[in-house]
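Engineer: Mind looking over this structure? Questions follow.
If you want it as structure tokens, here you go:
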């Protein structure tokens with residue numbers, strides 16, 4: 002299962018931008034921990050702030066009839 006992570010960043014001028022990442026952790030708890038580490042590391046190396054963090058589960062069916 003893959004988790005799609007969206008992070009909305011805010012700069013000093015009030016502008017926002019959103020970046021999306023794929024997280025391949027198998028469990029939601031591991032994905033949350035991984036995303037928390039990613040955000041912490043990013044904030045330590047950037048002068049941007051964050052406004053919002055989203056984690057979504059995306060699944061793909063091999064057979065559309067199964068959906």
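Numbering (my numbering), first residue to last: 2 to 68. Using N, Cα and C, we set each Cβ at its ideal position, and we do this for glycine too.
Determine the burial state of residue 8: buried for a count of at least 16 other Cβ atoms within 10 Å of its Cβ, exposed for fewer.
Structural biologist: With 16 or more other Cβ atoms within 10 Å, it is buried.
Engineer: Is DSSP giving residue 7 helix, strand or coil here?
Structural biologist: Reduced to three states, the DSSP call for residue 7 is strand.
Engineer: Is residue 3 near residue 38, with beta carbons less than 8 Å apart?
Structural biologist: No; because the gap between Cβ atoms is not below 8 Å, this pair is not in contact.
Engineer: Assuming residue 11 and residue 44 form a contact by the criterion Cβ under 8 Å, report the distance between their Cβ atoms to the nearest whole angstrom.
Structural biologist: So it is not a contact: roughly 11 Å between Cβ atoms.
Engineer: Under the three-state reduction of DSSP, which class applies to residue 50: helix, strand or coil?
Structural biologist: Here residue 50 sits in strand by DSSP.
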